[in-house]
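**Student:** What follows is a structure written as structure tokens; I'll ask about it next.
The structure is reproduced here in structure tokens:
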């Protein structure tokens, strides 16, 4: 009738006795190594006990079960594992008699009550309370301190392993590190394990041979993604260096979170991106940036009109550049290493953020960027081959990454004189509608489309200027802007212009919001507007000085659109 053999019983009884309550690294290692097998055995014990008609029958059939379960209930490592503890509780519940029929069952009930109190409570008079009195601390604190002592001993071993490496290319002691990482698997969510987990992950970078247990790596990554475990920034970077697969998972998780909850994310996009630790890791390790960059590049190639993706790429790049700039010059790699596919002449002008260029020089700087990008486009028209198409795509993708300069161009268009508008409108048009974007269109088609889009941009700018700068704009200008917004060809371009006028124009706030209410009526357009505002907001947060009036308009506009989007969903 037993679900297990005598050999199994003898093996596990011997383990339970040997493990005892000893607080040592060897005991923790051995317990952790066998914990998954122990859970399987406990599941078999539970199934066998569930078939018993009474406690007396269970104890007669399985005489070992009382001592076995009792010993496990006092093992810190077993108790720390949630699944093992749950199985122990269920086994003890099976042995409890609701109506004890004899002295054996009454005695068993008292014993089970004490064990249950030990596991789940700290009431006075319980075994837990007696243990706490003896140890000088509460049971929960006792086990936490015990686990901390074991972790401390194991960290010492990791440090010694560091010290034993004669140089950065040396190989570590595979067995010790692999065994320790395997021992951590069932306990990765315990806060006491953080220092050890961090130490093991950092060790993997120093050692040329990858000696961490793969199950450990997977468990830590899962706990980190589900926010069930906190490890320091350096350890997360080490995790991604060890496994590019988990790095890709983190990049995609950030993308999914942005796409799935836009109303929440747009309010704190920069914070959301920084909390992912991807910008920090990318600045420290070039290969991490290249992997993340490639993921987002491929996504954008599939859905290049997706504003959330463009905005995420821009904010991620801005956060990355901030981290890279903060490094010591001797530790910092050149921009060329991070952007190997882009013409070097584009890197300096585009990767320098507007906050590092005097405001009075913005127009000249943007004209310079325009001339560089235009030369790439003209080369494509002359070359008419795959390399020329690729060069245009790379230039456009860099502009998407550095979209803060496009936002700056849109801001300058609010008060720009007509003679200065052409390079700014060109940048805005190219950002939203690059000439070929890798598609094999004929050159005549490309030229016709480009001319049409530039005409749309000029028309939109002229109408929007009248709306925000004229005293009483005629109704036809409202109609013209709404019509341009409704076109699939020009929605994002026109919306980009419109929102910059709403934020940066000098007219009364009441008039600005009256215009906004009349023009932004479609719920889909309002949601797009939130992403453009998130991009503008991220750039302004880095401005050397921010006009309080602009800041107030931005916040009010964001709050108004958020409420409108929420109402449209109810």
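In my numbering, the protein residues as written are 1081 to 1650.
All C-beta atoms, glycine included, are put in the ideal place defined by N, C-alpha and C.
Are the Cβ atoms of residue 1317 and residue 1365 separated by less than 8 Å?
**Tutor:** Yes, the pair counts as a contact, with Cβ atoms nearer than the cut-off.
**Student:** Can you name, in chain order, every residue of its own chain whose Cβ lies under 8 Å from the Cβ of residue 1146, other than the five neighbours on each side?
**Tutor:** Closer than 8 Å at the Cβ level, and outside the excluded window around residue 1146, lie 1139, 1175, 1188, 1191.
**Student:** Just confirm the distance between the C-beta atoms of residue 1452 and residue 1435, as a whole number of angstroms; I'd bet it's less than 8 Å.
**Tutor:** Not confirmed; about 21 Å, so no contact.
**Student:** Is it buried or exposed for residue 1340, if we count other Cβ within 10 angstroms and need 16 for buried?
**Tutor:** By the neighbour-count rule (16 or more Cβ atoms within 10 Å), residue 1340 is not buried but exposed.
**Student:** So what's residue 1583 in DSSP terms, helix, strand or just coil?
**Tutor:** Residue 1583: helix per DSSP, three-state reduction.
**Student:** Apart from the five residues just before and just after residue 1213, which ones in its own chain have a Cβ nearer than 6 Å to its Cβ?
**Tutor:** Note that residue 1213 scores a pLDDT of 46, beneath 50, so its modelled location is shaky; the value from the coordinates is reported in the next line. Once the five neighbours on either side are set aside, residue 1213 has no close Cβ partner at all.
**Student:** Is residue 1291 closer than 8 Å to residue 1277 when the C-beta atoms are compared?
**Tutor:** Taking 8 Å as the Cβ cut-off, residue 1277 and residue 1291 do not qualify as a contacting pair.
**Student:** State the Cα-Cα distance for the pair residue 1092 and residue 1301, rounded to the nearest angstrom.
**Tutor:** Near 31 Å, if we compare the C-alpha coordinates of residue 1301 and residue 1092.
**Student:** Buried or exposed: which applies to residue 1405, given that a residue is buried once 16 or more other Cβ atoms fall within 10 Å of its Cβ?
**Tutor:** Looking at its Cβ environment, which holds fewer than 16 other Cβ atoms inside 10 Å, residue 1405 is exposed.
**Student:** Measure the Cβ-Cβ separation of residue 1472 and residue 1414 and say whether it is below 8 Å.
**Tutor:** It is not a contact, given that the beta carbons lie outside the stated cut-off.
**Student:** What would DSSP say about residue 1621, mapped onto helix, strand or coil?
**Tutor:** Three-state result, residue 1621: coil.
**Student:** In the DSSP assignment, find the alpha helix (DSSP H) that holds residue 1371 and state where it starts and stops.
**Tutor:** Note, residue 1371: alpha helix (DSSP H), 1366-1382.
**Student:** Assuming residue 1112 contacts residue 1262 (C-beta within less than 8 Å), just tell me the rounded distance between them.
**Tutor:** Contact holds; Cβ gap of about 7 Å.
**Student:** Assign residue 1572 to buried or exposed, taking buried as 16 or more other Cβ atoms, counted over all protein chains shown, within 10 Å of its Cβ.
**Tutor:** Classification for residue 1572: buried.
**Student:** Find out if the Cβ-Cβ distance for the pair residue 1343, residue 1642 is shorter than 8 Å.
**Tutor:** Yes.
**Student:** Using only alpha-carbon positions, find the residue among 1367, 1331, 1638, 1362 that is nearest to residue 1403.
**Tutor:** For residue 1403, the nearest C-alpha among the options comes from 1362.
**Student:** Quick one: measure Cβ to Cβ for residue 1281 and residue 1313, integer angstroms, because I've assumed they're closer than 8 Å.
**Tutor:** Actually they are not in contact, since the Cβ atoms of residue 1281 and residue 1313 sit about 11 Å apart, beyond 8 Å.
**Student:** Around the C-beta of residue 1181, are 16 or more other C-beta atoms found within 10 angstroms, so that it is buried, or is it exposed?
**Tutor:** Its Cβ having fewer than 16 others within 10 Å, residue 1181 is exposed.
**Student:** Ignoring anything shorter than 4 residues or poking outside the region 1323-1352, list the alpha helix (DSSP H) runs there in chain order.
**Tutor:** Those alpha helix (DSSP H) runs which fall completely within the region 1323-1352 and span 4+ residues are 1324-1340, 1342-1345.
**Student:** Rounded to whole angstroms, what is the Cα-Cα separation between residue 1558 and residue 1306?
**Tutor:** Taking the straight line from one Cα to the other gives about 48 Å.
**Student:** Can you grab the Cα-Cα spacing for the pair residue 1431 / residue 1619, in whole Å?
**Tutor:** Cα to Cα, residue 1431 sits roughly 13 Å from residue 1619.
**Student:** The alpha helix (DSSP H) with residue 1645 in it runs from where to where?
**Tutor:** Its alpha helix (DSSP H) spans residues 1628-1649.
**Student:** With 16 as the cutoff for other CB atoms within 10 Å, does residue 1627 come out buried or exposed?
**Tutor:** By the neighbour-count rule (16 or more Cβ atoms within 10 Å), residue 1627 is not buried but exposed.
**Student:** I need the DSSP call for residue 1356, collapsed to helix, strand or coil.
**Tutor:** In the structure shown, residue 1356 sits in coil (DSSP, three-state: anything other than H, G, I, E or B).
**Student:** Go to residue 1598, then tell me how far its alpha helix (DSSP H) extends in each direction, as first and last residue.
**Tutor:** Here the alpha helix (DSSP H) through residue 1598 covers 1589-1599.
**Student:** Is it right to say residue 1408 is buried, meaning 16 or more other beta carbons lie within 10 angstroms of its own, or is it exposed?
**Tutor:** Its Cβ having fewer than 16 others within 10 Å, residue 1408 is exposed.
**Student:** So what does DSSP say about residue 1510, is it helix, strand or coil?
**Tutor:** Here residue 1510 sits in helix by DSSP.
**Student:** For residue 1270, name the three-state secondary structure that DSSP assigns.
**Tutor:** DSSP places residue 1270 in coil when its eight states are reduced to three.
**Student:** State the CB to CB distance for the pair residue 1400 and residue 1359, rounded to an integer number of angstroms; the pair is presumed to be in contact (CB under 8 Å).
**Tutor:** Indeed, because the Cβ distance is near 4 Å, the residues count as touching under 8 Å.
**Student:** What would DSSP say about residue 1488, mapped onto helix, strand or coil?
**Tutor:** In this structure, residue 1488 counts as helix in the three-state DSSP scheme.
**Student:** Would residue 1331 and residue 1372 qualify as a contact pair, given that the criterion is a beta-carbon distance under 8 Å?
**Tutor:** It is a contact, given that the beta carbons lie within the stated cut-off.
**Student:** Under a three-way DSSP split, which group does residue 1497 fall into?
**Tutor:** In the structure shown, residue 1497 sits in coil (DSSP, three-state: anything other than H, G, I, E or B).
**Student:** Please classify residue 1155: is it buried, with 16 or more other beta-carbons within 10 angstroms of its beta-carbon, or exposed?
**Tutor:** So residue 1155 counts as buried.
**Student:** With DSSP as the reference, label residue 1483 as helix, strand or coil.
**Tutor:** It is coil, neither helix nor strand.
**Student:** For residue 1377, I'd like the list of residues in its chain whose CB is within less than 8 Å of its CB, leaving aside the five on either flank, ordered along the chain.
**Tutor:** Answer for residue 1377: 1477, listed in chain order.
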